[in-house]
Amino acid sequence: MKKLLLLTLLCFSINGFAFNWKKIGEDESFSVYIDVDNINERNGLVYYWSLHDTPSITSSTIFKSKVDCIEERVVVTTLTIYNQPMGKGEISLSLVPDAFHYPQPNTSMYLEMKFACANAK
137 MKKLLLLTLL CFSINGFAFN WKKIGEDESF SVYIDVDNIN ERNGLVYYWS
187 LHDTPSITSS TIFKSKVDCI EERVVVTTLT IYNQPMGKGE ISLSLVPDAF
237 HYPQPNTSMY LEMKFACANA K
C-alpha cells in the first residue's frame, strides 16, 4: 500500500517538476532528451531523467534512471507514459520496473547512460 501511495504521488509530481530537456539523439520513431539540470552522482551511482518523445503517435515517456558507470548497467526506477508530446498531458501508464539492464551500443539507453556518466555533478 505504501508503494502504491508513493508511486501515485510521484506520478502526479512529475508533471510539475521543472525539466531542462536537451536533445541528445533521435531515430525514425522517437527523439531522446535528458534533463541536464538533474544529473547527479550519489554513492557511486548516477541518477538522471530522460524523455522519449514520439510525435508520430502523439505520446511521450519520462524515465527516472540510475546507472553504474563502471559496470555500464542501468536501472529504470520509474517510467511514466503521457498522452501528449514532451511529457505533457495526462498520464496513460506508470510503472516501477526496477531491473538492471546492460545497454547495447547504438541504443537509446546506451546513449543516455554515456551522456549521464559524462555529465554527472
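Counting with this note's numbering, you get residues 137 to 257 for the letters of the sequence shown.
Glycine residues also receive a C-beta, built at the ideal position from the N, C-alpha and C atoms.
Predicted, not measured: the structure shown is a model, and the values here were computed from it.
Counting along the chain, the unbroken beta strand (DSSP E) around Ser186 starts and ends at 181-190. By the neighbour-count definition (other C-beta atoms within 10 Å, threshold 16), Phe166 is a buried residue. DSSP, reduced to helix, strand and coil, places Val232 outside both helices and strands of the structure shown, so it counts as coil. The beta carbon of Leu231 is closer than 7 Å to those of Leu215 in its chain, skipping five residues each way along the sequence. A Cβ-Cβ distance of about 5 Å is found for the pair Val210 and Met249, placing them in contact under the 8 Å criterion. Looking at Leu187, Phe199, His237, Ser186, the one whose alpha-carbon comes closest to that of Cys205 is His237. Of all alpha-carbon atoms in Ser192, Ile175, Pro233, the one lying nearest the alpha-carbon of Trp157 is that of Ile175.
Looking at the DSSP output, Thr194 sits in no beta bridge, so it has no partner there.
Setting aside the 5 residues that flank it on each side, Ala256 is surrounded in the same chain by Ile175, Glu177, Val182, each with a C-beta closer than 6 Å to its C-beta; the list follows chain order. Restricting attention to Met245, Lys202, Ser195, Ala254, the CA atom closest to the CA of Gly225 is found in Ser195. Excluding residues up to 5 positions away in sequence, nothing lies with its Cβ nearer than 7 Å to the Cβ of Ala254 in the same chain. Rounded to the nearest whole angstrom, the C-alpha separation of Ser244 and Tyr184 is 14 Å.
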